[in-house]
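Chains as they are written, first to last, in my numbering: chain A, 332 to 862; chain B, 266 to 552; chain C, 4 to 374.
A virtual CB, placed ideally from N, CA and C, is assigned to each residue, including glycine.
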Amino acid sequence: MSAVVDTHGHGHEHGDHHGGYSGLMRWVTTTNHKDIGTMYLWFSFIMFMVGGVMALVIRAELFSPGLQIVNPDFFNQMTTMHGLIMVFGAIMPAFVGFANWLIPMQIGAPDMAFARMNNWSFWILPFAGALLIISFFTPGGAPGVGWTLYAPLTVQMGIGMDLTIFAVHLLGMSSIMGSINIVTTILNMRAPGMTLMRMPLFCWTWLITGYLLIAVMPVLAGAVTMTLTDRHFGTAFFNAAGGGDPVLYQHIFWFFGHPEVYIIALPAFGVVSQIIPAFSRKPLFGYASMVYATAGIAILSFIVWAHHMYTVGMPVTGQLFFMYATTLIAIPTGVKVFNWVATMWKGSLTFETPMLFAAGFLFLFTLGGFTGLVLSLVPIDIQLHDTYYVVAHFHYVMVAGALFAAFGGVYFWLPKWTGRMYDETLGKWHFWLTMIFFNVTFFVQHFSGLAGMPRRIPDYPLMFETWNKVSSIGAFGFGISQLLFLYVVLKCIRSGAKAPEKPWEGADSLEWTHLPTPAPYHTFETQPDLR
Amino acid sequence: MAQGATTPRQHYYVPQPMYWPVLGSASLFLMMLGGVFVMNASAGGWVSIAAGFMLILYMMFRWFGDVIGESEGGKYHGWEDVSFRWGMSWFIFSEVMFFAAFFGALFYIRVLSVPDLSSLEHNELLWPGFKGTWPSAGPGFEEKFSPMGAWGLPAINTALLLTSGVTVTIAHWALKEGKRGMLNLFLFLTIALGVLFLGVQAYEYGHAYADLNLKLTTGAYGSTFFMLTGFHGFHVTVGAIMLAVIFARCVKGHFKPDHHFAFEGVAWYWHFVDVVWLGLFIFVYWL
Amino acid sequence: MMLKKLGLGALLLTLSGLALAAEWNLQPAASKMAADIHWVHEMVMVLVLVLFVGVFGFMFWSCYAHRKSVGHKAAQFHENTTVEILWTVIPAIILVIIAVPVTKVVVAQKDTSAADLTIKVTGIQWKWAYDYLKGEGEGISFVSMLATSRAQIEGSAPKGENYLLEVDNELVVPVGKKVRVLTTAADVVHSWWVPAFGAKQDAIPGFIRDTWFRADRTGTYRSQCVELCGKDHGFMPIVVRVVPQEEYTKWVGEKKVALAKAADDETKSYTLEQLKTRGEKVYAANCVACHQASGKGTPPAFPPLDGSKVVLGPKDGQIDIVLNGRPKTAMQAFDRLNNVELAAVITFTRNNWGNRTGEAIQPAEIKARRK
Ligand code: HEA
Ligand code: HEA
Ligand code: CUA
Ligand SMILES: [Cu+2]
């Protein structure tokens with residue numbers, strides 16, 4: 332392959348190496364997609380720790396029945412903020428970070444289409460995070476309403492609720508700008524010959540995710556705006572006395588909320604679709620059907636939202652429609668699972684850390700998908716709705732799904748980003764500890780849920796004690812294991828062995844084949860010709 | 266679509282590092298914090314809002330100034346232009362979805378919740394005597410109010426806005442033909458129609474509050490009416506300001522017959538605002 | 004790979020050990036509806052397990068046999084239309100197989116017609132109010148709230164067997180009768196659930212929604228509110244006692260007598276002491292959750308009544324707040340209490356802790372301010 336490598340030092344508009352500013356200001360002002368990607372990833376990890384500590388407060392309180400550590404009000408605040416921070420602060424920014432780093436390199440573009448706006452997308456996030464954190468220090472504290480912010484409980488909350496609403500507005504703006512950028516980059520910045528159907532699957536999943544985000548984040552903004560006016564300006568969107576309906580909020584929220592869960596899942600699918608072929612030394616099986624399945628999931632995700640609301644009392648036709656639509660999602664998702672397995676089949680497999688995480692993802696995500704299918708069936712969901720079974724379901728798809736994929740992705744691309752190798756032994760330890768403690772924490776929650784333990788409670792009847800103890804022990808183990816991850820990453824950055832030009836034998840996208848390791852600050856200022 | 270993938274490219278313009286974005290975030294933060302204080306009757310909120318507002322004005326002035334400078338300085342070519350087109354289209358799509366949330370709320374309330382609240386069991390147990398006819402301010406609302414009719418001012422407003430859609434198109438045509446005088450005239454007309462629309466809208470709000478006893482707090486009808494028309498009015502305002510900027514640039518002699526995306530982007534936005542109004546006219550005022 | 008197997012094995016062993024000690028499956032069914040749900044659940048679990056084992060059989064086999072370290076060379080195939088069609092169609096067929104029986108259960112679950120007994124359930128922060136609307140027992144109405152003591156919750160007393168699952172007034176229904184449950188709420192969304200009956204229905208303020216159950220076994224069935232409803236969401240249990248028909252008839256008779264006896268004379272005037280004694284009970288039943296027994300509340304969310312300007316101010320002001328609530332706060336309208344109860348509790352708050360107004364509020368004064 333012709334290495335059209337274009338390192339820095341190219342006069343033009345770029346000025347010197349880091350363009351104009353240095354020190355902290357370099358990061359504040361940067362328009363470089365790699366810098367911005369790095370900031371996204373670090374921000375995400377910090378938020379993961381913040382949200383994780385909140386999870387540990389939850390688990391500590393639930394270690395035994397009775398109220399021990401926190402009062403019920405604060406417990407609800409922990410649950411709410413844990414959910415919001417993990418979803419909007421940790422997982423979503425993590426994948427935007429990957430997108431920033433990788434998409435320009437994978438399609439042969441000099442940078443993102445709107446480099447300046449890219450900086451803005453990121454620099455909104457810390458301010459949104461600040462609003463969320465400030466809410467803890469207002470009278471009444473942070474809102475204790477669950478990450479779903481259901482009305483009319485939100486109307487009872489204090490100042491913290493308003494701060495949270497504005498934080499959601501900011502997060503939404505950031506996501507929309509980030510997505511417009513990603514979608515435009517993919518549509519307009521591909522190198523000659525990089526047709527859509529030749530793009531790495533990661534780019535495809537982000538193209539579709541970007542579309543989902545642009546479609547649903549404004550809807551969430553609408554929902555919280557109505558909450559705000561109901562709280563302060565006397566509107567009656569969610570108030571029966573004025574002709575509104577609390578359930579209307581739920582509809583609007585989940586119209587956003589269900590696509591949101593695929594916004595979390597699809598980029599993870601993309602990462603895994605890069606890793607599995609690389610370590611199977613075999614091309615991705617069924618590339619085209621992967622693309623169609625991703626699109627299919629995205630389209631279906633708009634017509635299934637009410638499966639979160641089977642118990643609100645909708646007519647039987649509504650229940651049936653949403654149930655059938657929801658179960659259909661198993662088909663495209665199944666196609667993806669089967670394709671991944673078929674990619675591994677008859678490959679030449681090795682199990683470095685990224686592959687371990689990808690395989691762990693495949694196994695546990697599917698398990699979570701199956702519990703999702705169980706929940707999608709109305710009668711069963713009537714039993715399980717708002718119990719710990721749901722909590723178990725979504726941690727399987729979001730932690731063992733999205734988070735595992737993100738870990739795998741970090742290990743996979745660290746050599747490309749830093750030019751250094753991470754410590755393979757420690758990486759493997761991180762995987763196994765994470766894997767084991769994850770299951771200890773969350774598998775047992777299926778049992779508590781089946782037996783009838785409601786979610787979002789600070790105290791519980793005695794019969795649930797055993798599983799809660801197990802789960803709490805697992806959670807602390809899981810949390811401590813993540814310190815190891817931090818250590819491995821820091822060690823890699825500061826003193827890792829020099830990475831070879833192409834650390835992974837089977838990797839074949841542009842960032843591996845057309846660029847040196849580590850990737851220089853500016854890449855593809857002249858596009859490679861791939862025709 | 267695959268245009269980019271087949272034609273060889275020139276250099277793509279990647280802008281300099283700058284701190285307008287972080288300034289923008291900080292000012293949003295200040296405005297929101299101030300808003301929270303104001304809504305919760307704490308002192309000092311307005312100061313924060315004002316500070317944030319000044320900052321964001323400054324930021325927009327400088328940022329757009331940079332962009333205009335780059336554009337006039339010949340930094341943008343066909344490739345960048347395509348990016349702008351995609352970007353603006355997706356942005357307008359996100360705006361459409363924002364309005365969709367409020368239209369969705371309106372339909373839900375009209376079709377489901379209000380009739381439901383007047384169903385037999387609800388009448389018997391919770392809301393005696395409530396009749397679920399639209400327009401409704403809900404069973405708990407005791408005052409009398411009159412709904413806003415469609416064929417007075419709103420119809421005139423519809424005409425104004427539709428006409429402004431035509432004038433902006435004529436202006437665009439003039440720009441492409443290089444007829445600068447006509448361009449300026451019709452652009453000015455467009456802005457004038459937009460401002461007139463806003464004036465009529467403001468008058469209508471006054472009428473609603475003073476004569477119809479129709480307020481934001483008038484239950485579901487008042488909420489949907491004012492939130493939908495209010496957000497629309499806000500978008501008209503933003504659109505009119507953008508048109509004004511474009512007008513100023515036209516007067517200065519910016520834009521070429523084959524290179525004027527800023528103009529087109531604003532025109533698209535204006536059409537979008539137009540279409541939303543049509544939806545409003547039909548579903549909020551008329552039906 | 005050995006490691007992984009060992010890890011999993013160890014995990015399974017621990018789990019199976021623990022499984023003996025703890026609850027790990029759906030609660031035993033006490034109605035046909037619940038039994039149907041269990042059956043559907045089991046069927047789906049079996050299908051899903053088979054699929055799971057199948058799919059990951061392939062994956063683990065390939066992890067084992069197609070390793071580079073055992074010298075496996077990668078094949079280069081990356082498409083096969085036949086299998087791709089197969090694995091689209093087969094899941095679709097499985098879904099149809101699942102959908103048929105499930106649909107039947109859904110339809111049955113939604114059929115609330117021809118009930119023998121209709122009960123309205125109102126979720127209130129944080130207790131349940133039951134009103135028997137139609138059928139035997141019509142007219143009975145009472146409030147049901149957590150009976151577990153604060154001491155047990157805070158750990159200063161040993162926890163009883165039904166910790167958090169016990170109430171002062173149980174809902175009583177006859178066995179084998181179709182009971183239609185109408186749910187609504189006074190403040191925020193709650194959700195009424197009895198797992199043993201397979202009935203769960205959100206209680207939405209301002210709306211009436213319904214579900215139904217027919218218990219086929221007598222006994223006491225326990226559960227909790229399952230929609231986050233604020234601070235004490237974890238502390239609003241649901242207890243249903245299913246009794247034989249004769250016993251039910253007897254209970255209805257007794258309950259009616261008891262309710263009539265407890266009915267207050269609203270025309271009478273009461274002394275300060277009478278009102279305070281009564282008020283203390285009403286306070287304990289309705290107000291402590293927020294304003295605390297100490298009257299200190301948990302500010303700023305829940306203000307203290309001890310020393311409150313409202314409580315020490317003009318009495319009409321306080322009557323209005325308690326009667327109508329404060330919109331948009333957790334302070335709800337207590338207009339469902341009768342005039343005597345309201346008079347008593349208001350008198351109590353005005354003459355307890357540090358508050359010493361010395362005023363006795365009479366039921367007539369409450370009546371006068373009711374709209
Ligand atoms: C990454 C996020 C993610 C993903 C991918 C999913 C995927 C799915 N989810 Fe999940 N879900 C959440 C995140 C996610 N979910 C969250 C956060 C909540 C709770 C929110 C809250 O209340 O706080 C939730 C809640 C939730 C509920 C509501 C539960 C309740 O509150 O009562 C339901 C109900 O239908 C559901 C269903 C599904 C289904 C059917 C899928 C499907 O997409 C799964 C499809 C996958 C498979 C089925 C496995 C692979 C397929 C095969 C191997 C093919 C063969 C299979 C068959 C033929 C069966 N989810
Ligand atoms: C992708 C998102 C995501 C992620 C990654 C997680 C991660 C975790 N979650 Fe999360 N969770 C949600 C999304 C997520 N969760 C959502 C959306 C809800 C619903 C909220 C609602 O009901 O509104 C929820 C709810 C939820 C509940 C139910 C709460 C309730 O109903 O009241 C519980 C309970 O166990 C829980 C536990 C955990 C644990 C133990 C982790 C662990 O994986 C976290 C591990 C991470 C760390 C611990 C941090 C890193 C380590 C350090 C900082 C080192 C320091 C550590 C030590 C000293 C030990 N979560
Ligand atoms: Cu009532 Cu939760
Ligand atoms: Cu969903």
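Residue environment for L29 of chain C: buried (at least 16 other C-beta atoms within 10 angstroms of its C-beta).
Short of 7 angstroms from the beta carbon of F145 of chain C, and not among the five residues preceding or following it, lie these beta carbons of its own chain, in chain order: Y133, N172. The set of residues whose C-beta lies within less than 6 angstroms of a heavy atom of ligand 4 reads, in chain order, A:H589, A:V592, A:H638, A:H639. Shortest gap from the CB of H193 of chain C to any heavy atom of ligand 3: under 7 angstroms. Residue side-chain check: P366 of chain C keeps its Cβ at 7 angstroms or more from all non-hydrogen atoms of ligand 1. Contact check between the region 283-302 of chain C and the region 441-460 of chain A: fewer than three CB pairs, one atom from each, fall below 8 angstroms, which does not count as touching. The Cβ of A473 of chain B sits no closer than 8 angstroms to any Cβ of chain A. Between ligand 3 and W129 of chain C, a heavy atom-to-CB distance of less than 7 angstroms is present. In this structure, E230 of chain C has its beta carbon less than 7 angstroms from a heavy atom of ligand 3. Flagged as an interface residue toward chain C: H387 of chain B, by a C-beta distance shorter than 8 angstroms. Near chain B, meaning a CB-to-CB distance below 9 angstroms, the residues of the region 207-223 of chain C are G209, F210, I211, D213. For L136 of chain C, the enclosing beta strand (DSSP E) covers residues 130-137. Proximity of the beta carbon of G783 of chain A to ligand 3 is not indicated: no heavy atom of the ligand is located closer than 7 angstroms. In this structure, the alpha-carbon of V820 of chain A lies about 9 angstroms from that of G827 of chain A.
Sequence-distant partners of L308 of chain C (beyond 5 residues in either direction) whose C-beta falls short of 6 angstroms from its own C-beta, in its chain, are H294, G298, V314, T352. Distances between the C-beta of M488 of chain A and the heavy atoms of ligand 3 are all 7 angstroms or more. A contact is defined here as three or more CB-CB pairs under 8 angstroms, and the region 33-42 of chain C meets this definition with respect to the region 192-205 of chain C.
In this structure, the straight-line span from the alpha carbon of F610 of chain A to that of G352 of chain B is close to 37 angstroms.
Excluding its 5 nearest sequence neighbours in each direction, T664 of chain A has C-beta neighbours in its own chain below 8 angstroms: A624, I628, G700, listed in chain order. In the DSSP assignment, R751 of chain A forms a beta bridge with A:K829. In the three-state reduction of the DSSP assignment, R225 of chain C falls in the strand class, which pools E and B. Of the residues B:H536, B:V312, B:S354, B:Q281, the one whose Cα lies closest to the Cα of T432 of chain B is B:H536. Among the residues facing chain A, L29 of chain C is included, as its CB has a counterpart in that chain under 8 angstroms away. Taking 8 angstroms as the cut-off, the beta carbon of D213 of chain C is found closer than this to the beta carbon of T115 of chain C. Residue-level contact check: Y352 of chain A touches chain B, since one or more beta carbons of chain B fall below 8 angstroms from its beta carbon. Three or more beta-carbon pairs drawn from the region 379-393 of chain A and the region 801-809 of chain A are found closer than 8 angstroms, and the two stretches are therefore classed as touching. With a threshold of 7 angstroms, the Cβ atom of G126 of chain C counts as near ligand 3, since some heavy atom of the ligand is closer than that. Cα atoms of P474 of chain A and K759 of chain A: separation of roughly 39 angstroms, rounded to the nearest angstrom. Put simply, the backbone Cα of S429 of chain B is about 37 angstroms away from that of G403 of chain B.
Its chain contains R612 as the residues whose beta carbon lies nearer than 6 angstroms to that of S679 of chain A, once the 5 sequence neighbours on both sides are disregarded; these appear in chain order. Residues of the region 85-103 of chain C with a C-beta atom less than 8 angstroms from some C-beta of chain A are V86, E87, W90, T91, P94, A95, L98, I101, A102, listed in chain order. Within the region 306-340 of chain B, no residue places its CB atom closer than 7 angstroms to a CB of chain A. Setting aside the 5 residues that flank it on each side, L418 of chain B is surrounded in the same chain by V465, E469, each with a C-beta closer than 6 angstroms to its C-beta; the list follows chain order. Note that the C-beta distance between M436 of chain A and A850 of chain A is below 8 angstroms. Secondary-structure assignment with DSSP links T187 of chain C through a beta bridge to C:T125. Annotation: S375 of chain A to V427 of chain A spans about 10 angstroms, alpha carbon to alpha carbon.
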